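Undergrad: Here this note's numbering is used: the first residue of the sequence shown is 4, the next is one more, and so on.
Glycine included, every Cβ here is placed at the ideal spot set by N, Cα and C.
Fair warning: this is a prediction, and the values are worked out from it, not measured in the lab.
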Amino acid sequence: YDIRRHIKFHTTVTKLKWIDDKQLWEITIQSSDNQEKQVYARFVMAGHGPLSNASYPNDIPGIDKFQGQMCHTAEWNKNIDFTNKRVAVVGTGASAIQTVPEVQKAGVTQLLVFQRTPPWIIPRADRIVTKFEKRLFKRFPIIQKFIRALVYWVRESTVLSFTYRLPVRFINEELVKFNLRHQVKDKELRKKLTPSYDLGCKRVLLSNDWYSSIQQPNVKVVTNRIQEIKSNSIVTRDGDEYPVDIIIWSTGFQVQHFPLPIYGINGRALHEQWSETMQAYRGVTVPNFPNLFFLLGPNTGLGHNSVIVMIEAQIHYIAEALLYVDEKNVRMLDVKQNAHDEFNHKLQSKLKKTVWQSGGCHSWYQDAKGNNTTIWPDFTWIYILLMKSFDSKNYIFS
Numbered sequence: 004y005d006i007r008r009h010i011k012f013h014t015t016v017t018k019l020k021w022i023d024d025k026q027l028w029e030i031t032i033q034s035s036d037n038q039e040k041q042v043y044a045r046f047v048m049a050g051h052g053p054l055s056n057a058s059y060p061n062d063i064p065g066i067d068k069f070q071g072q073m074c075h076t077a078e079w080n081k082n083i084d085f086t087n088k089r090v091a092v093v094g095t096g097a098s099a100i101q102t103v104p105e106v107q108k109a110g111v112t113q114l115l116v117f118q119r120t121p122p123w124i125i126p127r128a129d130r131i132v133t134k135f136e137k138r139l140f141k142r143f144p145i146i147q148k149f150i151r152a153l154v155y156w157v158r159e160s161t162v163l164s165f166t167y168r169l170p171v172r173f174i175n176e177e178l179v180k181f182n183l184r185h186q187v188k189d190k191e192l193r194k195k196l197t198p199s200y201d202l203g204c205k206r207v208l209l210s211n212d213w214y215s216s217i218q219q220p221n222v223k224v225v226t227n228r229i230q231e232i233k234s235n236s237i238v239t240r241d242g243d244e245y246p247v248d249i250i251i252w253s254t255g256f257q258v259q260h261f262p263l264p265i266y267g268i269n270g271r272a273l274h275e276q277w278s279e280t281m282q283a284y285r286g287v288t289v290p291n292f293p294n295l296f297f298l299l300g301p302n303t304g305l306g307h308n309s310v311i312v313m314i315e316a317q318i319h320y321i322a323e324a325l326l327y328v329d330e331k332n333v334r335m336l337d338v339k340q341n342a343h344d345e346f347n348h349k350l351q352s353k354l355k356k357t358v359w360q361s362g363g364c365h366s367w368y369q370d371a372k373g374n375n376t377t378i379w380p381d382f383t384w385i386y387i388l389l390m391k392s393f394d395s396k397n398y399i400f401s
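(1) Which residue from His-185, Leu-208, Lys-195 and Ile-232 puts its Cα closest to that of Gln-70?
(2) Going by beta carbon distance, what residues of the same chain come within less than 6 Å of Thr-76, once the five residues before and after it are set aside?
(3) If we require 3 or more residues per run, which beta strand (DSSP E) segments fall completely within the region 16-76?
(4) I'd like to know if the region 263-270 and the region 240-247 are in contact, where contact means that at least 3 CB-CB pairs between them fall below 8 Å.
(5) Verify whether the separation of the beta carbon atoms of Ala-316 and Phe-297 is less than 7 Å.
(6) Rounding to the nearest angstrom, what Cα-Cα distance links Gly-203 and Asp-62 in this structure?
(7) Quick check on the burial criterion: 16 or more other C-beta atoms within 10 angstroms. Buried or exposed for Tyr-214?
(8) Only counting the same chain, and skipping five residues up and downstream in sequence, which positions put a Cβ closer than 7 Å to that of Lys-88?
(9) Do Ile-125 and Val-92 have their beta-carbon atoms positioned less than 7 Å apart in this structure?
(10) Helix or strand or just coil, what does DSSP make of Ser-395?
(11) At least one CB of chain C closer than 7 Å to the CB of Gly-94: is that the case?
(12) Between Asn-332, Tyr-320, Val-358 and Gly-362, which lies nearest to Tyr-386 when the distance is taken from Cα to Cα?
(13) Please state if the CB of Trp-379 and the CB of Asn-302 are separated by a distance shorter than 7 Å.
(14) So for Asn-294, helix, strand or coil by DSSP?
(15) Out of Lys-20, Lys-188, Val-154 and Pro-122, which one is the CA nearest neighbour of Ser-210?
(16) What three-state label does DSSP hand Tyr-200 in the structure shown?
(17) Kindly list the residues whose CB is nearer than 8 Å to the CB of Glu-280, restricted to its own chain and excluding five residues on each side of it in sequence; keep chain order.
(18) Alpha carbon to alpha carbon, how far is Arg-127 from Gly-362? Give it in angstroms, no decimals.
(19) Which ranges would you report for the beta strand (DSSP E) in the region 247-322 if only whole runs of at least 3 residues count?
(20) DSSP state of Phe-140, grouped into three classes?
(21) Quick one, which of Leu-115, Ser-34 and Lys-205 has its alpha-carbon nearest Thr-226's?
(22) Are Thr-15 and Gln-38 touching if we call contact CB-CB under 7 Å?
(23) Just the C-alpha distance for Tyr-200 and Phe-149, rounded to the nearest angstrom, thanks.
(24) What is the DSSP secondary structure of Arg-151, counted as helix, strand or coil?
(25) If I measure Cβ to Cβ from Gln-147 and keep anything under 7 Å in the same chain, skipping five residues before and after, which residues do I get?
(26) Just how far apart, CA to CA, sit Gln-118 and Lys-195?
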């Protein structure tokens, strides 16, 4: 498809502005040498990815006073040498369980893992695909498709536990508790690592080396909240002070904040429209922002399966929309406010009964007010069917 010639590398989009009289999007871009210019497009697809902008804690004083090295897992510094260093990892989410096992083996003197809330961990069913299997898949693609479908439907079945809260959820929780008991024999440590919320309320993590890594002699799990950062140490609320040379922030992403300013009809700012809560129609379109489509927009993330199927469904829906406006020779489409509101009312009503809203935790799936703006609360195949065709009746055209 000769895609590379259409890509502008080393370019940052800094602003999107809808020009009413031209019915075009003005896109402000900045090159690597800080040169800024505007380009114009009839349609815009925002595929920035919700897990892309690093989030640092704003409730810990003294971060700017630290004299050692720091980095965020999303902004990794490859030049850091961990040899014979005292290292702190703050956070125990998906990034931390990938980082800690590797840092622990990097010759550190001590690795401190600061944990606020323990995650549920399940084994990672992963292995190298053999040469024989690759040849088999190449010769008989139907086998590979069957295995992919099997993985998909196994993952999809967890909706029965997370959304519909069927008794199978108790079996699932006992299985993950057994995994914890089997791998962590020390009762005190196991108590620290046992979540107090339902399986699935926060992101379920997959790892085969997390529990073994944090039981190594040079690793210590600290569960007291951080009070402040000093020039060469971390102080917890119980008064303990831990000298450190390096801090790794594994504190997630700014999921609730869109990374650039967007202005729609009559200069309406997206951040103002989303000031109460982030919402979109089917996660893709927003009233007052015509010809703008989101990929993995509000409430189309997943807590049980691969988001790739959601992105594929959205791309299909957007393609159908573009074909429709081309056939009808229209220049602008904008989702109707009532269609948008009705969709989100039903979605939030369903979410209230799921583990993501009633599982006994507060997670990054939710905004500051407790609204879940991230998760699709049902089977993905329902969403795929929903996005099969473009529903023109729910849009305004001009």
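TA: Reading from the atomic positions:
(1) With distances taken between Cα atoms, Gln-70 lies closest to Ile-232.
(2) When the five nearest sequence neighbours on each side are left out, the beta carbons in the same chain lying within less than 6 Å of the beta carbon of Thr-76 are those of Ser-98, Thr-102 and Ser-253, in order along the chain.
(3) Within the region 16-76, the complete beta strand (DSSP E) runs of at least 3 residues are 27-34, 39-44, 47-49 and 72-75.
(4) By the Cβ criterion, the region 263-270 is not in contact with the region 240-247, since fewer than three pairs of Cβ atoms, one from each stretch, lie closer than 8 Å.
(5) Not closer than 7 Å, so no.
(6) Per the coordinates, the alpha-carbon of Gly-203 lies some 26 Å from the alpha-carbon of Asp-62.
(7) So Tyr-214 counts as buried.
(8) Correct list, in chain order: Val-111, Thr-112, Asp-248 and Ile-249.
(9) It is not a contact, given that the beta carbons lie outside the stated cut-off.
(10) Three-state result, Ser-395: helix.
(11) Chain labels in this structure do not include chain C; a single protein chain is all it has.
(12) Relative to Tyr-386, the option among Asn-332, Tyr-320, Val-358 and Gly-362 whose CA is nearest is Tyr-320.
(13) Against a cut-off of 7 Å, the Cβ pair of Trp-379 and Asn-302 comes out as a contact.
(14) Note: Asn-294 maps to coil in three-state DSSP.
(15) Of the candidates Lys-20, Lys-188, Val-154 and Pro-122, the residue whose Cα lies closest to the Cα of Ser-210 is Pro-122.
(16) Tyr-200 sits in coil when the DSSP states are folded into three classes, being neither helix nor strand.
(17) With the sequence shown as reference, residue 280 is identified as Thr, and Glu is not the correct amino acid for it. The residues are Asp-370, Lys-372, Asn-374 and Thr-376.
(18) Rounded to the nearest angstrom, the gap between the Cα atoms of Gly-362 and Arg-127 is 23 Å.
(19) Secondary structure in the region 247-322: the beta strand (DSSP E) runs of 3 residues or longer, each lying completely within the stretch, are 249-252 and 295-297 in chain order.
(20) In the structure shown, Phe-140 adopts helical secondary structure according to DSSP, grouped into three states.
(21) Per the Cα distances, Leu-115.
(22) Between Thr-15 and Gln-38, the C-beta spacing is not below 7 Å.
(23) Between Tyr-200 and Phe-149, the C-alpha separation is close to 35 Å.
(24) Reduced to three states, the DSSP call for Arg-151 is helix.
(25) These residues qualify, in order along the chain: Phe-140.
(26) For Gln-118 and Lys-195, the distance between alpha carbons rounds to 9 Å.
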